[in-house]
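Sequential numbering from 218 applies to the sequence shown in this note's numbering.
Positions of the beta carbon are idealized from the N, C-alpha and C atoms, including for glycine.
Remarks on the structure that follows.
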Amino acid sequence: MNRQQLVTAIGQTKSYLCVGLDTDETKLPAHLQGRPDAVLQFNHDMIKATLPYCVAYKINTAFYEAMGGRGWEIMEATFRAIPDTHLKIADAKRGDIGNTSSQYARAFFETMGADAITVAPYMGEDSIRPFLEYENKWTIVLALTSNKGSADFQRMALVPRAESGLDLVPNLAGPGRSELLYEKVIQTVNQWGSPENLMYVVGATQAHELSHIRQLAPEHFLLVPGVGFQGGSLADVSKHGLNADAGLLVNASRAIIYASPHEDYLEAAAQIAAEYQTEMSAYLSAAS
Numbered sequence: 218m219n220r221q222q223l224v225t226a227i228g229q230t231k232s233y234l235c236v237g238l239d240t241d242e243t244k245l246p247a248h249l250q251g252r253p254d255a256v257l258q259f260n261h262d263m264i265k266a267t268l269p270y271c272v273a274y275k276i277n278t279a280f281y282e283a284m285g286g287r288g289w290e291i292m293e294a295t296f297r298a299i300p301d302t303h304l305k306i307a308d309a310k311r312g313d314i315g316n317t318s319s320q321y322a323r324a325f326f327e328t329m330g331a332d333a334i335t336v337a338p339y340m341g342e343d344s345i346r347p348f349l350e351y352e353n354k355w356t357i358v359l360a361l362t363s364n365k366g367s368a369d370f371q372r373m374a375l376v377p378r379a380e381s382g383l384d385l386v387p388n389l390a391g392p393g394r395s396e397l398l399y400e401k402v403i404q405t406v407n408q409w410g411s412p413e414n415l416m417y418v419v420g421a422t423q424a425h426e427l428s429h430i431r432q433l434a435p436e437h438f439l440l441v442p443g444v445g446f447q448g449g450s451l452a453d454v455s456k457h458g459l460n461a462d463a464g465l466l467v468n469a470s471r472a473i474i475y476a477s478p479h480e481d482y483l484e485a486a487a488q489i490a491a492e493y494q495t496e497m498s499a500y501l502s503a504a505s
């Protein structure tokens, strides 16, 4: 799915919702527990229930890798079950030396049929370049995440070293502060691709910094996890993150797929997804 197709889908659906299929066998409704096809059936049904309200699905690969070979088969089948009208994201957070990244790209873009993959930028351009070489595919780079540990590196300030190069020091916020590592990541990665094939991950709990991130990446799409159980505010994310093409994919996983532990789980999931869609529609109208 290319950028224009994604923008068109958002306009038609009046939604920038991404449903996270972080399916955990232990959290399935009781009537599905123990069935050999439980996870795949759950995913199939969840896709059908939420399809009208979202524009993307994000598969967190760890939940499937943990099941071994069976999990990989379920993941591949789940990607096939998502129609081409919706963006298919492999949340795999890959990134390695070039020839290894080439195989990761082949695995998810060719074998799995994903439209997009999340990657870690720590190893630099040659670790990301193989993903960017695929036409009509998206590389989603970790920029500023929601977890507590994001402060360990992402928010470290870059200060000039007297001799040469840069040092990392704890961030001291305020006027005249040094550039932060996550800012350097965005500004550098911007040069490797374009808004046609690059997105950034920005946690919803960092909504207060979205306006600043929009200055660094004004045209790029941002994948924003953390709305729902993690406490992120859809109103704040939308206020600070929307651009002329929407430019947001807001992910909700547990809040939707585990909306009910009972046999009404599909109705409950559809209701929550519809509520997100309704709220997003209002924000899109206000921004236009």
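Considering Cα atoms alone, identify which of L459, G251, E480 and V467 is closest to S502. As a working note, residue 502 is residue 285 in the sequence shown. Among L459, G251, E480 and V467, the Cα nearest to that of S502 belongs to L459.
Assuming L268 contacts V467 under a Cβ cut-off of 8 Å, what Cβ separation, rounded to an integer in Å, is found between them? Counting from one through the sequence shown, the residue named residue 268 turns up at place 51. Counting from one through the sequence shown, the residue named residue 467 turns up at place 250. Actually they do not touch by this definition, with Cβ atoms about 17 Å apart.
How big is the Cα-Cα spacing for L439 and A421? Here residue 439 is taken as the residue at index 222 of the sequence shown, counted from 1. Here residue 421 is taken as the residue at index 204 of the sequence shown, counted from 1. Going from the Cα of L439 to the Cα of A421 covers about 10 Å.
Cβ pair A337, L359 closer than 8 Å: Stepping through the sequence shown from its first residue, residue 337 is reached at position 120. Stepping through the sequence shown from its first residue, residue 359 is reached at position 142. It is a contact, given that the beta carbons lie within the stated cut-off.
Check whether the Cβ atoms of G237 and K275 sit closer than 8 Å, and answer yes or no. In the sequence shown, residue 237 corresponds to position 20, counting from 1. In the sequence shown, residue 275 corresponds to position 58, counting from 1. Result yes, Cβ atoms of G237 and K275 sit closer than 8 Å.
Please state whether the Cβ-Cβ distance between D308 and N277 is less than 8 Å. Along the sequence shown, read from residue 1 onward, the residue named residue 308 stands at position 91. Along the sequence shown, read from residue 1 onward, the residue named residue 277 stands at position 60. For D308 and N277, yes; Cβs fall inside 8 Å.
Which whole-angstrom value is the C-beta distance of T356 and N414, which I expect to be below 8 Å? Indexing the sequence shown from 1 puts residue 356 at position 139. Indexing the sequence shown from 1 puts residue 414 at position 197. About 6 Å separates the two Cβ atoms, so the contact holds.
Cβ shell of M497 (< 8 Å), same chain only, five flanking positions each side left out: Taking the first residue of the sequence shown as 1, we reach residue 497 at position 280. Sequence-distant Cβ neighbours of M497 in its own chain, meaning closer than 8 Å and more than five residues away, are K231, S232, Y233, L234, L451, S455 and V467.
Drop a sphere of 10 angstroms on the beta-carbon of Y339, count the other beta-carbons inside from all chains shown, and report buried for 16 or more, exposed for fewer. As a working note, residue 339 is residue 122 in the sequence shown. So Y339 counts as exposed.
Mind checking whether M218 and D313 have CB atoms under 8 Å apart? For the purposes of this step, residue 218 is taken as residue 1 along the sequence shown, with counting starting at 1. For the purposes of this step, residue 313 is taken as residue 96 along the sequence shown, with counting starting at 1. Judged by beta-carbon spacing, D313 lies beyond the 8 Å limit of M218, meaning their Cβ atoms are not closer than that value.
From the DSSP output, in three-state form, read off W409 for me. Counting from 1 along the sequence shown, the entry for residue 409 is found at position 192. Correct three-state label for W409: coil.
I need the straight-line Cα distance from A490 to S319, nearest angstrom please. The residue given as residue 490 occupies position 273 in the sequence shown. The residue given as residue 319 occupies position 102 in the sequence shown. Looking at the two C-alpha atoms, the distance is approximately 35 Å.
Nearest-angstrom Cα separation, counted from V441 out to L465: As a working note, residue 465 is residue 248 in the sequence shown. As a working note, residue 441 is residue 224 in the sequence shown. Rounded to whole angstroms, L465 to V441 spans 7 Å at the Cα level.
Simplified DSSP assignment, three categories, for A390: Against the sequence shown, residue 390 aligns to sequence position 173. Because A390 sits at a pLDDT of 48, beneath the cut-off of 50, its placement in the model cannot be relied upon, and the following sentence gives the value as read from the coordinates. Coil at A390, not helix or strand.
Between which two residues does the beta strand (DSSP E) carrying D453 extend? Position 236 of the sequence shown, counting from 1, holds the residue named residue 453. Run containing D453: none in the beta strand (DSSP E); it sits in the alpha helix (DSSP H), L451 to G458.
Does DSSP put D369 in a helix, a strand or coil? Residue mapping note: residue 369 aligns to position 152 of the sequence shown, counting from 1. Helix.
Using alpha carbons as the reference points, say which of Q423, V406 and E290 lies closest to K365. For the purposes of this step, residue 365 is identified with residue 148 of the sequence shown, where counting begins at 1. Between K365 and the set Q423, V406 and E290, the nearest pair of CA atoms involves Q423.
Rank F280, T225, V272 and V224 by C-alpha distance to the C-alpha of A245 and give the top, closest one. The count along the sequence shown starts at 1 and reaches residue 245 at position 28. It should be pointed out that residue 245 corresponds to Leu in this sequence rather than to Ala. Of the candidates F280, T225, V272 and V224, the one whose C-alpha sits nearest the C-alpha of L245 is F280.
Which of the three DSSP states, helix, strand or coil, is assigned to I306? The sequence position of residue 306 within the sequence shown is 89, counting from 1. Residue state, collapsed to three classes: strand.
Taking 8 Å as the threshold (C-beta atoms), are L257 and I506 in contact? Here the chain comprises residues numbered 218 to 505, so residue 506 is not present and cannot be evaluated.
The alpha helix (DSSP H) with G285 in it runs from where to where? In the sequence shown, the residue the question calls residue 285 occupies position 68. It is not in any alpha helix (DSSP H) - G285 carries neither H nor E in the DSSP assignment.
Cβ-Cβ distance between L304 and A324 below 8 Å: Within the sequence shown, the letter at position 87 stands for residue 304. Within the sequence shown, the letter at position 107 stands for residue 324. Taking 8 Å as the Cβ cut-off, L304 and A324 do not qualify as a contacting pair.
Under 8 Å between the Cβ atoms of R372 and L349? Along the sequence shown, one-based indexing puts residue 372 at 155. Along the sequence shown, one-based indexing puts residue 349 at 132. Cβ distance not < 8 Å, so R372 and L349 don't count as in contact.
Could you pull the start and end residues of the beta strand (DSSP E) that Y417 belongs to? In the sequence shown, residue 417 corresponds to position 200, counting from 1. Taken as a continuous stretch (DSSP letters only), the beta strand (DSSP E) holding Y417 covers L415 to V419.
Mind pulling the alpha helix (DSSP H) runs of 4 or more residues that sit fully within the segment 291 to 360? Runs of the alpha helix (DSSP H) inside the segment 291 to 360: 315 to 322 and 342 to 349.
Identify every residue that forms a DSSP beta bridge with A273. The sequence position of residue 273 within the sequence shown is 56, counting from 1. C235 and L304, per the DSSP bridge assignment.
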